[in-house]
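All remarks here apply to the structure that follows.
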Amino acid sequence: MLKLLELALSFVGSVVAFGINVLDILVYYLLKFTIGLNWATHDLREVFKNVKSYSVEVDDGSYDPKTETKPRRAIESKDGLAYTPIEGVNTMKQLLAKVVANNKDKPCLGYRPAIRKIVEKREGHDWEIIEFADLTYENYDKIYSRIRNFGAGLARVTGLNSRGLFGIYEDTRKEWLMALHGCYQYNMVVMTCYASLGDESLCAAINETELPGMLVNEKNLGKIANVIVPRCPSLKNIVYTKALVSDESDKKKTKDAVEALEKKGLKVLPFEEVEQIGESDYKSNSVIPVKEEPTTDSLALIMYTSGTTAQPKGVMLSHKNILSIIAGADQKIGDDTSIEYNYLAYLPLAHILEMAAEHVVLKRGGKIGYGNPKTLSDKGAKPKGDIEVIAPTVLVGVPRVFDTIKKGAFEKIKSSPPFVQWLFHNAYNYKLDAIRHGRESPVWNFLVFNKFKKLVGGNLALIFSGGAALSKESHEFLRVCMSCSVIQGYGLTETSAGGTIQYGYQPFTTKNIGSPIITCQIKLISVPEMGYTIHDEEPRGELAIKGNNISLGYYKQDKLTKESYTSDGYFLTGDIGILHKDGSFSIVDRKKNLTKLAHGEYIALEKLESVYGNCPFVSPNGIMVYGDSDRDYPVALILVQPGYTKQWAQEHGISGDLTQIIKDPRVIKAVAASLKEEAKKNNLQRMEEIKHFKLLLDEWTPDNELLTAAMKLKRANIVKRYKTEIEEMYATRQ
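Per the numbering used here, residue 1210 is the first one in the sequence shown, and the count goes up by one each step.
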């Protein structure tokens, strides 16, 4: 995921000069003194003109009127919750068959074969670049045939069949999705883990599920042989995919690892060979039969979350659960037939958001081009980066990447010539105002914003942000600069990624997670200790979600399941929401990250991190607020934004490298002033102000166990790592 940030910064670098030329300037003045700069076309769908509410109350008796709101549903499901995106489809196996039947000859899954790895010197460092062949797609019919072959081959090789467990521990690629559906052909249950999961967590997941077989990348075979297998006695079968690129040394490592695993008694086969075995069985009419077909309520997936706690949790999802999020997201996006669904896949498929997104695209007959975080931009790929070659119409991302792009772009604009700065800010403000009034700005798009759009292939029609709350500033930036619909959604692994989603074409609103999807209902529960009640002017409380998308609980963790899932079917999210008058919701706080200070008052850590994260000195996702119950004030660890901090130092006559700069009293004073400004802007209470902080040059990543794979802070690990710094902040005053 760290490579996604490199992509973001590379994108920013491409906008350095902003592409403004003499012709643009001439056109600007021509338009200014002729038809004007606010010329626009109306952009709102007729259907939303008179909408007063995006959800409706239902009185099903599943609420306490003293402390809970009535549940709300999507208007379309007020009389009953949906669960399938296609009538008559009740399982993932049936969904695939139906989708293939509807789209046989259309392109389905695509990738670029790697030719070689090139190492270049950049800024004194070795930089790996992958040279690729042309992008190629296989059609739906071909992919379906390969999936069925893999499923039959897997059943033959491993002996697994209905309800048997098979794991996927691999980066996002087409074989990941094919393996998933190959297993579903035989009603197997798939266990997924992030490819970045640490050894301890991986072993815990394998042992908890007593996993007999797993798909891995060949680059991890050595670790599987030497670290995992000795601690995981249930593993008997390994299927491996090829690395993106490998040399003779890598091939020898693979050969040695395979031999080591076979000596330990494991069956080890490459993905293609498993396919070939299944294909042979089909040709000879000797395919192993499925023992028992799945039902809509059959267990389909055990998805191990990235885990902000010590060990990941295995969330159990049924076929109905997965179908429900596909149905819910598909309905919210709308029925615009002018969009050709061309999707760039790069987020971890072990994250429910990416899995849901890819299946929505398939349901719509779209095509998926697989990229890699290391090769998304031309900084890591030749002749071009994945994003430019695939040229997606639909892009899904997480706020951290979008925040980085936004911050970096504004830094570059600030260092541009005065006229460029003036033109950009005029264009930005004009267009933002137009969008808020339901209009587009083709003039400003022509002069300015089409240049941004070309950097991501030029075809973007829809951006979806999930995984965490997208800031108002980043939402506005994406909508203005990318000239496409930008929508947010809310959900968790436990809710199959579903909960709320904004409509694809509703009026532009930020800091809003939309309204319930058609497969669930949502109520708010008062949290008086935090000052949130359903009796506020706009009801506020913990979001509780019930419906067909709610998972079956945590695998073999009954106690944890009972803490989060109520007896009447609600999942308690731990997130504090507001119910708006138009029937949509916003997230404002996090119940589970509530800390009581010495004076007995509570502070919400994630809320403060969201506020102070807008400080220009702070890297995206680069602040952790900590509160000690024996102290009456919070402190913060801050990863500085290198570009902005260096630029500020130069402008104020401060020299040296970043190590020296962040220790300079003038810089520390400037950061303190910036934090104070954000606190004032957001009307924070005095006890929520950050006056004691530590500036850091470190990186927090999934690899060093300080972030989850979903890019959330691992607080316990960070506190442990920076114990000394935290103690110093409480012992001294800055």
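Beta carbons: idealized from backbone N, C-alpha and C, even for Gly.
If you look at residue 1851, you'll find it in the alpha helix (DSSP H) that goes 1851-1860. Taking 4 residues as the minimum length, the alpha helix (DSSP H) runs contained wholly in the region 1802-1853 are 1814-1821, in order along the chain. With distances taken between CA atoms, residue 1806 lies nearest to 1839 out of 1800, 1409, 1790 and 1839. In the structure shown, the three-state DSSP call for residue 1352 is helix. Annotation: the continuous alpha helix (DSSP H) that includes residue 1542 extends over 1528-1542. Classified as exposed, residue 1345 has fewer than 16 neighbouring CB atoms from the shown chains inside 10 Å of its CB.
Burial is judged here by how many other beta carbons sit within 10 angstroms of a residue's own beta carbon; residue 1794 has at least 16 and is buried. In this model, residue 1406 and residue 1694 are separated by some 33 Å (Cα to Cα).
Of 1877, 1566, 1437 and 1325, the smallest CA-CA separation from residue 1475 is found for 1437. By the Cβ-count criterion, residue 1631 is exposed, with fewer than 16 other Cβ atoms from all chains shown falling within 10 Å of its own Cβ. Here residue 1786 is buried, its C-beta having at least 16 other C-beta atoms within 10 Å. Separation of residue 1755 and residue 1537 (C-alpha to C-alpha, rounded to the nearest whole angstrom) is 14 Å. DSSP links residue 1426 through a beta bridge to 1450.
Per the coordinates, the alpha-carbon of residue 1546 lies some 11 Å from the alpha-carbon of residue 1574. Contact annotation, residue 1625 with residue 1856: C-beta distance approximately 12 Å; criterion of less than 8 Å not satisfied. Here the alpha carbon of residue 1568 sits roughly 52 Å from the alpha carbon of residue 1875. Closest in C-alpha terms to residue 1380, from the list 1452, 1366 and 1415, comes 1452. Between residue 1529 and residue 1726, the CB-CB gap reaches or exceeds 8 Å. Counting only runs of at least 4 residues, the region 1740-1781 fully encloses the following alpha helix (DSSP H) elements, listed from N- to C-terminal order: 1767-1773. Residue ranges of uninterrupted alpha helix (DSSP H) with 4 or more members, entirely inside the region 1463-1529 and ordered along the chain, are 1480-1492. Between the alpha carbons of residue 1745 and residue 1682 lies a gap of roughly 27 Å. DSSP, read as helix, strand or coil, puts residue 1374 in strand. Residue pairing by DSSP puts residue 1551 in a beta bridge opposite 1576.
Here DSSP, grouped into helix, strand and coil, assigns residue 1794 to strand.
Residue 1938: member of the alpha helix (DSSP H) spanning 1932-1940, first to last residue. Beta-bridge annotation (DSSP): residue 1341 is paired with 1323. If you draw a straight line from the Cα of residue 1799 to the Cα of residue 1777, it is about 23 Å long. Here residue 1371 is not near residue 1403, since their CB atoms are 8 Å or more apart. Only exposed fits residue 1628, as fewer than 16 other CB atoms lie within 10 angstroms of its CB. Under DSSP, residue 1730 forms a beta bridge with 1282 and 1755.
Nearest C-alpha to residue 1788 among 1350, 1274, 1275 and 1279: 1279. Using a Cβ-Cβ distance cut-off of 8 Å, the region 1848-1855 and the region 1890-1910 are in contact, since at least three pairs of beta carbons, one from each stretch, lie closer than that value. The three-state reading of DSSP puts residue 1874 in helix, counting H, G and I together.
Taking C-beta separations shorter than 6 Å and ignoring five residues to either side along the sequence, the partners of residue 1922 in its chain run 1833, following chain order. Per the coordinates, the alpha-carbon of residue 1742 lies some 12 Å from the alpha-carbon of residue 1274.
Residue 1686 carries a helical assignment under DSSP once its states are collapsed to helix, strand and coil.
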